[in-house]
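Line by line, the protein sequences give chains E and U.
For the first sequence, our numbering gives the first residue as 19, with consecutive numbering after it.
For the second sequence, our numbering gives the first residue as 19, with consecutive numbering after it.
There are 2 protein chains.
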Amino acid sequence: MNAVEKKSGRDLSERLNTGGFRFTPQRQQVYDVLLHRHDHPTAEEVFIRSKRAMPDISMATVYNCLDALVQCGLVRLVQLERGATRYCPNMEEHCHYYCDACGTVFDVALAAGAAVGPRPRGFQVDHYEIAVHGLCAECAGKRKK
Amino acid sequence: MNAVEKKSGRDLSERLNTGGFRFTPQRQQVYDVLLHRHDHPTAEEVFIRSKRAMPDISMATVYNCLDALVQCGLVRLVQLERGATRYCPNMEEHCHYYCDACGTVFDVALAAGAAVGPRPRGFQVDHYEIAVHGLCAECAGKRKK
DNA sequence: CTAGGTGCAAAAGGTTTGCGGTTAA
DNA sequence: TTAACCGCAAACCTTTTGCACCTAG
């Protein structure tokens, strides 16, 4: 059993229970999809991939599963474009480099405790998100021509 | 004439023309709404405020105007929540502190050229967005009780 | 056993598009 | 003069909700 399988197996069940959620095959399926390829899919993409292994799964269930995973701290929301939330199973501190041309997302680790400047008086920080927009090497090359 | 009025007057016309857009009363109105109160309104909120001075303006026009302003580099998109794009007329380098409880957004200046770590090979950076989530002083206080 | 989860279908936002009439340059 | 823009309404896409049935604990 490799690391990914372990993480999506019994560990998932425990994390869900701790958060007050039940373990279900659908939640495992959705989590597996996210762990299998760290490409920050949208809910729609998670739905399509999940259907391959579980043809009867519904969109409502996918949203429900994703929300449960987010609330358990196993997955985070990423807002990079207008009108499409993406999901990221990487819970390490990192930022997202997003190619505005092809939509590819690159995870880049941050130095631990990276500071983001002074904060408003009394503001209680929960987490932060850093998104860098631009062109990936491939798209930048194409554009020059 | 104060600084804000100047910025939204002849200057706006020039910036629009430079970007290949026409100056229209609707674009001025929408820009005025954003400059008047820097509270990062959604398109819907911009529409409501614009209607007070210009009752016949339509939602489609508001989106059109906002897009034109974004393309001219006068306004930027901000994605802080699921399903609601906000608009920010502050083009200085800054990050957004967002209260997950009441939705208030605080702008905080960044040190010029603040680094966000190493970047993927060949990635051509256009701009970056830093969003800090948590609770504002007021909401954090309420939650303790 | 039963609270919570699932699938379905309909509704609810938010955003975009098509079109006939209007206007900035 | 005319390409760009406006207002309106319909379409579109993502996300949420209500409900009857099912199932994990």
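Don't be surprised by glycine CBs; every beta carbon is placed ideally from N, CA and C.
Kindly indicate the opening and closing residues of the beta strand (DSSP E) around residue i.
{"i": "C113/E", "result": "112-117"}
{"i": "I148/E", "result": "142-153"}
{"i": "D125/E", "result": "123-127"}
{"i": "T103/U", "result": "102-106"}
Quick one: is residue i buried, meaning 16 or more other Cβ sit within 10 Å of its Cβ, or exposed?
{"i": "E147/U", "result": "buried"}
{"i": "S76/E", "result": "exposed"}
{"i": "P59/U", "result": "buried"}
{"i": "Q89/U", "result": "exposed"}
{"i": "C106/U", "result": "buried"}
{"i": "G152/E", "result": "buried"}
{"i": "A155/E", "result": "exposed"}
Mind checking whether residue i and residue j have CB atoms under 8 Å apart?
{"i": "V93/U", "j": "H114/U", "result": "no"}
{"i": "A158/U", "j": "G140/E", "result": "yes"}
{"i": "C83/E", "j": "V123/E", "result": "no"}
{"i": "A86/E", "j": "L34/E", "result": "yes"}
{"i": "L30/U", "j": "Q44/U", "result": "no"}
{"i": "P136/U", "j": "V126/E", "result": "yes"}
Counting along the chain, where does the alpha helix (DSSP H) carrying residue i start and finish?
{"i": "L92/U", "result": "Looking at the DSSP string, L92/U is not in any alpha helix (DSSP H), and its letter there is neither H nor E."}
{"i": "F65/U", "result": "61-71"}
{"i": "H54/U", "result": "43-54"}
{"i": "S76/U", "result": "Run containing S76/U: none; DSSP gives neither H nor E here."}
{"i": "D29/U", "result": "28-36"}
Quiz item: Mind listing which residues of the region 143-156 of chain U have their C-beta closer than 7 Å to chain E's C-betas, in chain order?
Solution: V143, D144, H145, Y146, E147, I148, A149, V150, H151, G152, L153, C154, A155
Quiz prompt | Residues of the region 89-121 of chain E whose Cβ lies closer than 9 Å to any Cβ of chain U, in chain order | solution = L95, Q97, L98, E99, R100, G101, T103, H112, C113, Y115, C117, D118
Practice problem: Give the residues from the region 50-72 of chain E that approach chain U closer than 7 Å (Cβ to any Cβ), ordered along the chain. | Solution: none
Quiz item: When the Cβ atoms of the region 72-87 of chain U are set against those of the region 108-123 of chain U, are three or more pairs found closer than 8 Å?
Solution: no
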